[in-house]
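Taking it in order: structure first as structure tokens, then the write-up.
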Amino acid sequence: MPTPEKGWSYAPRLIRPGSGKDITLAQSGIAILGVNRVSCGFRPAGSPGLYPLLPPRPLPRPSPMSMFNTVGKSAAQSGRKPNTLRKLERVNRALRHEQPDRVPISDFFWGGFTRRWRAELGLPADANPYYHYDLDLITTVPNMDPWIRPFETIQESAEEVTVRTGFGAIMHKHFSFPMPEMRAWDLDTFEKLQQATFDRPDDPRRFFAAGDNQIAGVGDGFERNSPAWIDTVKSLWPDLPVYGSMIEVSECLTRLIGQQNALMWMGEYPEEMGEVINRLGAYYLAMAEAELAAGKGYLDGFVIWGDVAYRKSTFMSPTYWRTYFKPWVAKIAAAAHAHGLPVIYHGCGNVKAIFADYIEMGIDGYNPLEAKAGMDVVELRRQYGHQIAFCGNSDVQVWETGDRAAIRREVLRKLNAAKGGGMIFMSDHSVSSGVSGATYDYIVKLVREHGQYPLKLDEYDEVL
2 MPTPEKGWSY APRLIRPGSG KDITLAQSGI AILGVNRVSC GFRPAGSPGL
52 YPLLPPRPLP RPSPMSMFNT VGKSAAQSGR KPNTLRKLER VNRALRHEQP
102 DRVPISDFFW GGFTRRWRAE LGLPADANPY YHYDLDLITT VPNMDPWIRP
152 FETIQESAEE VTVRTGFGAI MHKHFSFPMP EMRAWDLDTF EKLQQATFDR
202 PDDPRRFFAA GDNQIAGVGD GFERNSPAWI DTVKSLWPDL PVYGSMIEVS
252 ECLTRLIGQQ NALMWMGEYP EEMGEVINRL GAYYLAMAEA ELAAGKGYLD
302 GFVIWGDVAY RKSTFMSPTY WRTYFKPWVA KIAAAAHAHG LPVIYHGCGN
352 VKAIFADYIE MGIDGYNPLE AKAGMDVVEL RRQYGHQIAF CGNSDVQVWE
402 TGDRAAIRRE VLRKLNAAKG GGMIFMSDHS VSSGVSGATY DYIVKLVREH
452 GQYPLKLDEY DEVL
């Protein structure tokens, strides 16, 4: 297992736009592969100048809301509410492929959606979809940055900010855009990656201290000094089933060195890169085990984040994935199962080539099953039966149209996969700012009305 003495190091440097690592989207491996990911940004070609390092100072926070900053309304000492236990039983029965009272529902919400939803439905400024709709589970994120440190301010204004994060990534966030862009990485050569050393995977600050971290702080929103993970978990625990989470190696590489570098180095140095993957795998397995220990008694499940695919297939060959990536996913899942927790794997893109592998690893549920990448939960149920639960696949691009007839068809048809249990209703990635408040309100009502068992799917009922 890597330690601070044997594994990964950091040296600050200046980043010059237009350098070899500062590329346009058209030049990147992401564009070549045709990826359609809401989590990937781009920079306009021709951005000028040298970004000088500035002393850290408070940054503008006009849009702190993000997918992962929901804080609960209750104190853990008050105990779990009966309704929370009913929701937990509903989710667990679905993941065991038993029919609960109704199909569970949850999602991930962009900050832009939450603001729009509040405004359009006339809701209070602190209204939250998880509480407003009494959703059935929520996922939390600890500090998974390799280097635990405050964001380093490179450039800022009232409209945008550029920071260096604990992944050594130079990230630019324009507050009016939904997603950030990764501009450069400190580990910009394979040799630097091989020689790097990281903070300990079990560092208590990951779970017990407030602070900056990339996944919680730089995404669809921007926020400094995210609350301590355990405090968030305990605040949510009385009201909602709470899942912990951990990235696996593929997701780490995207943030640590960028997808283009990761894929190029797999091709140029396949065995040496495999050694790096194994070291990272051991590192994040240890971090997952530390999280499970830190959250003992407060977690109801566990999510593994690990995007390995784009719209057409996997980023790397299935053989390479099975050799180096898969074993570490299996070990993280086994660690969560050893704590009695169900496991949901989150992997964007078209994973048909390796979908059976997740069943083999004992993954309980798969998310998000992107419709825009050709995934169809009804066809997957026909193909795999009840070997794995499905969490997602309702096409958010249909939701964004606001067309009630099309949305009704989308929701009711996908609910066919919930026959016999085995489904948590969610979008096929996250609820974007393109979805109106009235539309999401309508979707929840559809699921609650037609997702009661026995299901009432009307003209969209299909034989599986």
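Quick note on the numbering used here: the sequence shown kicks off at 2 and runs consecutively.
Glycine is no exception: its CB is placed at the ideal position from the N, C-alpha and C atoms.
Note that the structure is a prediction, hence the values are computed from the model and not measured.
- If you look at F303, you'll find it in the beta strand (DSSP E) that goes G302 to W306.
- By alpha-carbon distance to Y131, the top candidate from I106, V142, I149 and D213 is I106.
- In the structure shown, the three-state DSSP call for E224 is coil.
- Under the three-state reduction of DSSP, M265 is assigned to helix.
- Here D102 is exposed. Its C-beta has fewer than 16 other C-beta atoms within 10 Å.
- Apart from sequence neighbours up to five positions away, the residues of its chain that approach G307 with a beta-carbon distance below 8 Å are I248, E249, V250, S251, E252, F326, V330, Y346, H347 and G348, ordered along the chain.
- For the segment 173 to 229, the continuous beta strand (DSSP E) assignments of 3+ residues that do not extend past its boundaries occur at 182 to 186, in sequence order.
- Sequence-distant partners of E90 (beyond 5 residues in either direction) whose C-beta falls short of 8 Å from its own C-beta, in its chain, are P101.
- Beyond the five residues adjoining it in sequence on each side, G169 comes within less than 8 Å, by CB distance, of Y11, P147, W148, W186, D187, L188 and L257 in the same chain, given in chain order.
- P181 sits buried, since 16 or more C-beta atoms from the chains shown fall within 10 Å of its C-beta.
- Judged by beta-carbon spacing, D135 lies beyond the 9 Å limit of S431, meaning their Cβ atoms are not closer than that value.
- For Y244, no alpha helix (DSSP H) run applies; the uninterrupted beta strand (DSSP E) run containing it begins and ends at V243 to I248, by DSSP.
- When DSSP states are grouped into helix, strand and coil, C253 belongs to the helix group.
- Contact between M376 and A95 is ruled out by a C-beta separation of about 19 Å, above the 8 Å threshold.
- Under a 10 Å Cβ-count criterion, S246 is classified as buried, with 16 or more other Cβ atoms of the shown protein chains found around its own Cβ.
- Residue pairing from DSSP places N368 in a beta bridge opposite H347.
- When DSSP states are grouped into helix, strand and coil, T115 belongs to the helix group.
- Around the beta carbon of D301, 16 or more other beta carbons sit within 10 angstroms, so the residue counts as buried.
- With respect to V234, G296 sits close: the two C-beta atoms are nearer than 9 Å.
- Going by beta carbons, A76 and P239 fall inside the 9 Å limit.
- Excluding five sequence positions before and after S395, the CB atoms of its chain that fall closer than 8 Å to its own CB belong to A372, E411, V412, K415, F426, M427, S428, D429 and I444, given in chain order.
- Under the 8 Å Cβ criterion, the segment 264 to 273 does not count as touching the segment 157 to 176, having fewer than three qualifying pairs.
- Spanning the alpha carbons of G341 and I155 requires a straight line of approximately 44 Å.
- Secondary structure at V72: coil, using DSSP grouped into helix, strand and coil.
- When Cβ pairs closer than 8 Å are counted between the two stretches, the segment 272 to 289 is seen not to touch the segment 113 to 132, the count staying below three.
- Annotation for T163: the continuous beta strand (DSSP E) segment containing it runs E161 to R165.
- Here the alpha carbon of F178 sits roughly 9 Å from the alpha carbon of G113.
- In the three-state DSSP reduction, M424 falls in the strand class (E or B).
- With at least 16 other beta carbons inside 10 angstroms of its own, P369 counts as buried.
- In terms of Cβ geometry, Y321 and V243 do not form a close pair [threshold 9 Å].
- Within the DSSP bridge table, the entry for E157 names V162 as partners.
- In the three-state reduction of the DSSP assignment, A128 falls in the coil class.
- Under the DSSP assignment, F356 falls in the alpha helix (DSSP H) whose first and last residues are F356 to E361.
- Separation of M172 and E450 (C-alpha to C-alpha, rounded to the nearest whole angstrom) is 43 Å.
- The C-beta separation of I389 from Y359 comes to about 6 Å, placing the pair in contact by the 8 Å criterion.
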